[in-house]
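A.B. asks:
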Amino acid sequence: MPARVRELDNPEQFFTAMGEELEAAIEELARTLAGPTPIGEPYMDRVQRLTTARFEAEGQVLRQMLLTVG
1 MPARVRELDN
11 PEQFFTAMGE
21 ELEAAIEELA
31 RTLAGPTPIG
41 EPYMDRVQRL
51 TTARFEAEGQ
61 VLRQMLLTVG
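Residue numbering for the sequence shown follows the UniProt record's numbering, beginning at 1 and increasing consecutively.
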């Protein structure tokens, strides 16, 4: 959408703010999806749980926020 970008007064500020908003939404959802750390959870299980939550959050937030922009 080059025409829409050209219409922005300050594209750098717009995309910086959008990136920060996306990151905050991803972080919040990832924490929710990961849930609390179970007592005695092995390190590699924790890494897998947190990584899976992060990837899932990224997918959900990007679909929700970016696909509605167009």
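Even glycine gets a Cβ: it sits at the ideal position worked out from N, Cα and C.
Compare the beta carbon distance of Val61 and Ala34 with 8 angstroms and say whether it is the shorter of the two.
C.D. replies: Result no, Cβ atoms of Val61 and Ala34 do not sit closer than 8 angstroms.
A.B. asks: Can you list, in chain order, the residues of its chain whose CB lies under 7 angstroms from that of Ala57, leaving out five sequence neighbours each side?
C.D. replies: Contacts found: Ile26, Leu29, Ala30, Leu33.
A.B. asks: Note the first and the last residue of the continuous alpha helix (DSSP H) segment covering Asp45.
C.D. replies: Asp45 -> alpha helix (DSSP H) spans 43-66.
A.B. asks: Would a C-beta distance cut-off of 8 angstroms place Arg46 and Thr37 closer than the cut-off?
C.D. replies: Yes, Cβ-Cβ distance for Arg46 and Thr37 is below 8 angstroms.
A.B. asks: Nearest to Gln64 by CA position, among Leu22, Ala3, Tyr43, is which residue?
C.D. replies: Comparing Cα-Cα distances from Gln64 to each of Leu22, Ala3, Tyr43, the minimum goes to Leu22.
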